[in-house]
Amino acid sequence: MRALLWLASIIAASLLAFMLGGYATDVYRKMLVWIALALSYNFLFGVAGQIAFSQFAFAGVGAYGVVILAHKLGLPFGVALAGAIALCSLLAFIVAVPSTRLEGFYLALATLAFAQLFLVVVNEGGDLTGGTGGIAGYRLPDVFGYTLRGPWYTVVLVLLVALTLHILLRLERSSFGRACRAIKDNPAVAAAMGIDVRRTKVITFTLTSTLAGLAGAAYAYVDNVINPPVFGLDNIFLLLFMIIVGGMGRPAGAMLGAVLLYLAPFVLEPIVGHAYLVLFGVLVVLAILFQPKGLIGLIDRLVDRLGPEQRA
Amino acid sequence: MDDFLELTVSAMASGCIYGLMALAYLIVLRPTSIINFAIGEWSATGAFVGVGMLSTLAWPRFEGPYILAIVAVVVVLGLLGWAVERLTVRPLIRRGAAVTSPILALLGVLVIFRESLTLIYGADPLPSPPPFGFKRIEIGAFAGASQQFFIIAVTLSLFALVWLFFERTVWGRAFEAVALNRRAAALMGINLGRVTALAFAGGAAVAGLAGLLMSPMTSAHYMMGLPLAIQGFTALVIGGVGRVEGALLGGLILAFVEQLGARYLPIPSGLTLAFPFALLILFLLLRPTGLIAPREAR
Numbered sequence: 001m002r003a004l005l006w007l008a009s010i011i012a013a014s015l016l017a018f019m020l021g022g023y024a025t026d027v028y029r030k031m032l033v034w035i036a037l038a039l040s041y042n043f044l045f046g047v048a049g050q051i052a053f054s055q056f057a058f059a060g061v062g063a064y065g066v067v068i069l070a071h072k073l074g075l076p077f078g079v080a081l082a083g084a085i086a087l088c089s090l091l092a093f094i095v096a097v098p099s100t101r102l103e104g105f106y107l108a109l110a111t112l113a114f115a116q117l118f119l120v121v122v123n124e125g126g127d128l129t130g131g132t133g134g135i136a137g138y139r140l141p142d143v144f145g146y147t148l149r150g151p152w153y154t155v156v157l158v159l160l161v162a163l164t165l166h167i168l169l170r171l172e173r174s175s176f177g178r179a180c181r182a183i184k185d186n187p188a189v190a191a192a193m194g195i196d197v198r199r200t201k202v203i204t205f206t207l208t209s210t211l212a213g214l215a216g217a218a219y220a221y222v223d224n225v226i227n228p229p230v231f232g233l234d235n236i237f238l239l240l241f242m243i244i245v246g247g248m249g250r251p252a253g254a255m256l257g258a259v260l261l262y263l264a265p266f267v268l269e270p271i272v273g274h275a276y277l278v279l280f281g282v283l284v285v286l287a288i289l290f291q292p293k294g295l296i297g298l299i300d301r302l303v304d305r306l307g308p309e310q311r312a
Numbered sequence: 313m314d315d316f317l318e319l320t321v322s323a324m325a326s327g328c329i330y331g332l333m334a335l336a337y338l339i340v341l342r343p344t345s346i347i348n349f350a351i352g353e354w355s356a357t358g359a360f361v362g363v364g365m366l367s368t369l370a371w372p373r374f375e376g377p378y379i380l381a382i383v384a385v386v387v388v389l390g391l392l393g394w395a396v397e398r399l400t401v402r403p404l405i406r407r408g409a410a411v412t413s414p415i416l417a418l419l420g421v422l423v424i425f426r427e428s429l430t431l432i433y434g435a436d437p438l439p440s441p442p443p444f445g446f447k448r449i450e451i452g453a454f455a456g457a458s459q460q461f462f463i464i465a466v467t468l469s470l471f472a473l474v475w476l477f478f479e480r481t482v483w484g485r486a487f488e489a490v491a492l493n494r495r496a497a498a499l500m501g502i503n504l505g506r507v508t509a510l511a512f513a514g515g516a517a518v519a520g521l522a523g524l525l526m527s528p529m530t531s532a533h534y535m536m537g538l539p540l541a542i543q544g545f546t547a548l549v550i551g552g553v554g555r556v557e558g559a560l561l562g563g564l565i566l567a568f569v570e571q572l573g574a575r576y577l578p579i580p581s582g583l584t585l586a587f588p589f590a591l592l593i594l595f596l597l598l599r600p601t602g603l604i605a606p607r608e609a610r
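So the protein sequences, as listed, match chains A and D.
Using the working numbering, read the first sequence as starting at 1 and increasing by one per residue.
Using the working numbering, read the second sequence as starting at 313 and increasing by one per residue.
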């Protein structure tokens with residue numbers, strides 16, 4: 001039954017790709033990348049309670065990694081993709097081992113410093129990274145003989161979201177996910193229960209950052225352009241806001257937040273201009289003050305209220 | 313050698329700004345354990361409030377008394393900091409929310425401030441007049457712009473004042489008591505809510521002053537906040553989060569590493585942007601207590 005539901009959702013989301021025009025396709029594809037990023041960030045921040053600002057930097061490592069390996073160094077695409085993902089995991093592991101010792105917001109600032117260092121390196125990378133202009137003018141090569149163009153690439157992104165969601169749901173429902181939540185609630189108690197706190201934190205950080213790298217690699221072929229500002233700080237704040245507004249620690253909340261905050265500017269910008277960003281800030285403050293469970297918590301409450309009436 | 317001495321003045325001035333930002337963090341962080349990342353935007357707000365005071369109040373060509381701008385910044389930012397504490401931080405503390413909740417709420421506040429600045433003042437940089445013009449000043453072998461000496465003088469006096477406040481006044485001791493042990497301090501009859509409110513007001517005022525002092529060199533700009541927030545935090549981590557002197561020391565070390573590195577190291581200038589981040593990571597990992605250890609309870 002559950003498998004059928006998954007299949008139906010994937011097919012529905014894929015069919016949508018074939019019905020959209022050029023501009024709508026672009027919007028839809030980027031939304032899918034945001035959802036994938038929000039899902040992995042939700043696990044790191046919402047489930048495991050680690051506030052890190054490096055999610056977009058790792059997406060950048062994935063994107064720049066695959067483009068440089070495949071198009072600057074001319075490696076076969078499969079090798080390039082595997083190489084970029086491996087690089088992401090390795091870097092994430094190197095960052096995670098020392099920095100997961102840091103508590104609370106100090107982790108955020110260490111990862112923020114890492115994210116800024118990544119931007120400096122990319123900006124100064126000369127020919128290899130294209131400097132501030134980034135890299136453009138490459139195209140996705142055939143993968144195993146398949147040419148993934150147009151709507152078919154959108155289907156790849158749908159599968160990316162499904163894969164990310166599947167991995168994270170499995171993880172969350174396993175003992176590992178429970179260990180993550182225990183550490184978030186109280187690290188000392190978790191350690192006393194026999195959970196290896198450091199190891200759990202390092203694995204979580206490495207895994208979610210690798211998933212971010214995968215999403216980044218997929219993003220690289222959405223516009224066939226990558227440049228530094230995309231992987232900067234503004235977007236990591238937006239990602240954080242998506243999780244807070246949607247509902248921390250709930251995959252459905254993360255997806256809801258990502259869809260809403262990603263699409264909101266398209267509706268709001270013609271009406272209020274850039275003031276929509278002020279609105280986002282207000283929304284975040286209000287969510288933390290009055291609705292810490294986010295919109296998904298609000299929906300849960302509504303469903304609960306409607307439930308008894310339906311039964312009656 | 314002349315080159316080096318001139319660099320010293322300029323590094324001292326930047327270091328003082330970083331030190332003020334670190335101090336703004338510290339004033340909030342000590343009694344509340346809240347890292348208020350919105351401080352960067354508060355310094356940008358300070359710059360805009362000061363420049364607005366100087367340029368729109370009918371005296372043409374920036375001839376208004378500068379002290380008015382300083383007072384305006386301290387009062388307006390103090391009120392804003394107090395209001396933010398009242399509206400966002402206090403309800404969370406009262407509810408007993410985890411310490412990350414106010415920190416995240418303050419990230420929302422950060423965005424509100426930054427985007428409001430662009431709405432009110434536009435996205436273009438606003439030139440800010442230095443109080444003593446663009447003169448060059450030489451004191452002995454040291455030479456620099458008048459604004460640099462002004463920054464150093466104001467910062468040193470402010471640090472002296474804050475040091476006296478913490479060391480010599482009852483209120484300062486109350487701050488310290490809350491920092492050492494919130495519960496015990498509350499039991500001793502210290503009003504936690506008032507200390508927190510005062511901490512936010514004071515931190516905002518200091519951040520605003522830093523922004524105003526900085527603005528003649530960079531113009532008031534809505535993007536000026538985030539770099540200052542990062543540099544100030546780096547300075548705080550270098551100096552140690554426990555002591556007022558540490559904030560200034562950390563700021564000066566950061567500025568000297570940045571400027572000497574940019575001047576004498578044979579690397580592309582863009583890469584020198586990486587110094588504060590590299591320093592921040594190094595100190596967080598190797599010496600998280602900073603150079604000056606917090607004072608033990610006496």
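For glycine and all other residues, C-beta sits at the position ideal for the given N, C-alpha and C.
Open item on the list: Can you check whether the C-beta of Glu269 (chain A) is within less than 8 Å of a C-beta belonging to chain D?
Closed with: no
- [ ] List the endpoints of the continuous alpha helix (DSSP H) containing Glu397 (chain D).
- [x] No alpha helix (DSSP H) holds Glu397 (chain D); DSSP gives it neither H nor E.
- [ ] Return the residues of the region 111-125 of chain A that lie within a Cβ-Cβ distance of less than 8 Å from chain D, sorted by chain order.
- [x] Leu112, Ala113, Phe114, Gln116, Leu117, Val120, Val121, Asn123 and Glu124
TODO: State buried or exposed for Gly331 (chain D), treating a residue as buried only when at least 16 other CB atoms are found within 10 Å of its CB.
DONE: buried
Open item on the list: According to DSSP, is Phe446 (chain D) part of a helix, a strand, or is it coil?
Closed with: coil
Task: Leu596 (chain D): contacting residues in chain A (beta-carbon distance under 8 Å) - done: Ser99, Leu102, Tyr106, Leu109, Ala110 and Ala113
- [ ] Using the Cα positions of Thr320 (chain D) and Thr467 (chain D), report the straight-line distance between them to the nearest angstrom.
- [x] 16 Å
Task: Coarse secondary structure for Phe349 (chain D), derived from DSSP in three states - done: coil
Task: Reference Phe446 (chain D); option with closest CA among D:Pro528, D:Ala489, D:Ile432 and D:Gly358 - done: D:Pro528
TODO: Tell me whether the beta-carbon of Leu37 (chain A) lies closer than 8 Å to the beta-carbon of Ala586 (chain D).
DONE: no
TODO: Report yes or no: is there a C-beta of chain A within less than 8 Å of the C-beta of Phe545 (chain D)?
DONE: yes
- [ ] State buried or exposed for Ser413 (chain D), treating a residue as buried only when at least 16 other CB atoms are found within 10 Å of its CB.
- [x] buried
Task: Closest by C-alpha distance to Val369 (chain A), when choosing among A:Tyr276, A:Ile244, A:Leu169 and A:Val33 - done: The structure shown does not extend to residue 369 (chain A), since chain A is modelled only from 1 to 312, so the question has no answer here.
TODO: With 8 Å as the C-beta to C-beta threshold (strictly closer), list the residues of the region 215-244 of chain A near chain D in chain order.
DONE: Leu233, Phe237, Leu240, Phe241 and Ile244
Task: Under 8 Å between C-beta atoms of Val383 (chain A) and Ala179 (chain A) - done: In this structure chain A extends from 1 to 312, so residue 383 (chain A) is not present and cannot be described.
Task: Ranges of the alpha helix (DSSP H) found wholly within the region 432-513 of chain D, counting only runs of at least 4 - done: 458-480, 482-492 and 494-499
Task: Cβ neighbour criterion (16 or more within 10 Å) applied to Glu397 (chain D) - done: buried
Open item on the list: In whole angstroms, give me the CA-to-CA distance for Ala252 (chain A) and Val423 (chain D).
Closed with: 25 Å
TODO: Note down the Cα distance separating Arg599 (chain D) from Gln571 (chain D), rounded to an integer number of angstroms.
DONE: 23 Å
Task: Sequence ranges, alpha helix (DSSP H) only - wholly within the region 220-264 of chain A, length at least 4 - done: 233-246
- [ ] Quick one: residues in its chain with C-beta nearer than 6 Å to the C-beta of Ala381 (chain D), no 5 flanking neighbours on either side, listed in chain order?
- [x] Gly362, Met365 and Leu366
TODO: Return yes when at least one heavy atom of the ligand FAD lies under 7 Å from the C-beta of Val278 (chain A), else no.
DONE: The ligand content of the structure shown is nil, which means the ligand FAD is not present either.
Open item on the list: Can you look up Ile579 (chain D) in the DSSP assignment and give me helix, strand or coil?
Closed with: coil
Open item on the list: I want to verify the contact list: residues of chain D whose CB lies under 8 Å from the CB of Val284 (chain A), in sequence order.
Closed with: Leu416, Ala417, Leu419, Gly420 and Val423
Open item on the list: Quick check on Val294 (chain D) - is its C-beta less than 8 Å from some C-beta in chain A?
Closed with: Nothing about residue 294 (chain D) can be read from this structure; chain D reaches only from 313 to 610.
Open item on the list: Can you check whether the C-beta of Gly150 (chain A) is within less than 8 Å of a C-beta belonging to chain D?
Closed with: no
- [ ] Kindly give me the distance between the Cβ atoms of Ile339 (chain D) and Ala511 (chain D), rounded to whole angstroms, as I take these residues to be in contact under 8 Å.
- [x] 5 Å
Task: Backbone CA spacing between Tyr28 (chain A) and Arg301 (chain A) [nearest angstrom] - done: 29 Å
- [ ] Work out the CA separation of Pro437 (chain D) and Leu431 (chain D) for me, nearest whole Å.
- [x] 13 Å
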